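Residues 1027 to 1198 in this note's numbering are what the sequence shown lists, from first letter to last. Following: one structure in structure tokens, then a few remarks.
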Amino acid sequence: GDIFTKFREIEIDNNFVKFMAFLFSEGYIIEDRMGLSQSVYKNMRDEVLAYLKSLDIHYIGCNDKDFQINNLLFVKYLRTKFLIEDGKNMQIPGWVLNLEPEKKRLFLKWFFTFEGGEENSSIALVQSRRDNINILSYLLAEFGVFCSFSRMYKCATNTQNKKKKLYFRLTI
């Protein structure tokens, strides 16, 4: 039998799109587990956690901000069906470009809420992966929103390593 039978019912609905935006902006997948981290937008975080619970995906709260999902089958399912790679700086998969327009808007809204910020009367977003900036700019262009790009060196905010590295900024 198919080991992923339990997850066959998962639809690419609005809840799934929100979960994906949260995972790609504030999450990670490492081997047999995934983590989600959010302390500012708790209502959005709680909405995703309720969605996971509705799928019978259990999580543990490490603290008020960090949540971990120790479910090897679910992680393998996401990797296999949705081409999600391991790591803390995951690439947004190309299938996001094929979502229906309303789901693309929702993905952008959630991703920018978690990752973006106001900067000098503009909206800016910084990523370590140039590919993510490209996908986000394609999505924005579909709605007539054009952006500029720049490079910058900064320290990562999700690690103790304070070595500066190259990041990519998208500005609207």
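Beta carbons are placed, not taken as given, at the ideal position from N, Cα and C, and that holds for glycine. This structure is a prediction, so every number in the text was calculated from the model and none was measured.
query, result
"List, from N- to C-terminal side, the beta strand (DSSP E) runs of 3 residues or more that fit wholly inside the region 1076-1120.", "1092-1095"
"I think residue 1062 touches residue 1108, with their Cβ atoms under 8 Å apart; what is that distance to the nearest whole Å?", "Actually they do not touch by this definition, with Cβ atoms about 16 Å apart."
"Could you pull the DSSP bridge partners for residue 1191 from this structure?", "1180"
"Output the distance between the C-alpha atoms of residue 1055 and residue 1085, rounded to the nearest integer angstrom.", "14 Å"
"Is the number of C-beta pairs between the region 1070-1083 and the region 1117-1134 that are closer than 8 Å three or more?", "no"
"Is it right to say residue 1138 is buried, meaning 16 or more other beta carbons lie within 10 angstroms of its own, or is it exposed?", "buried"
"Run the CB neighbour count on residue 1051, radius 10 Å, all protein chains shown included, and call it buried at 16 or more, exposed below.", "buried"
"Could you check what DSSP says for residue 1154 in three-state terms: helix, strand or coil?", "coil"
"Should residue 1194 and residue 1159 be called a contact, given that it needs their Cβ atoms to be closer than 9 Å?", "yes"
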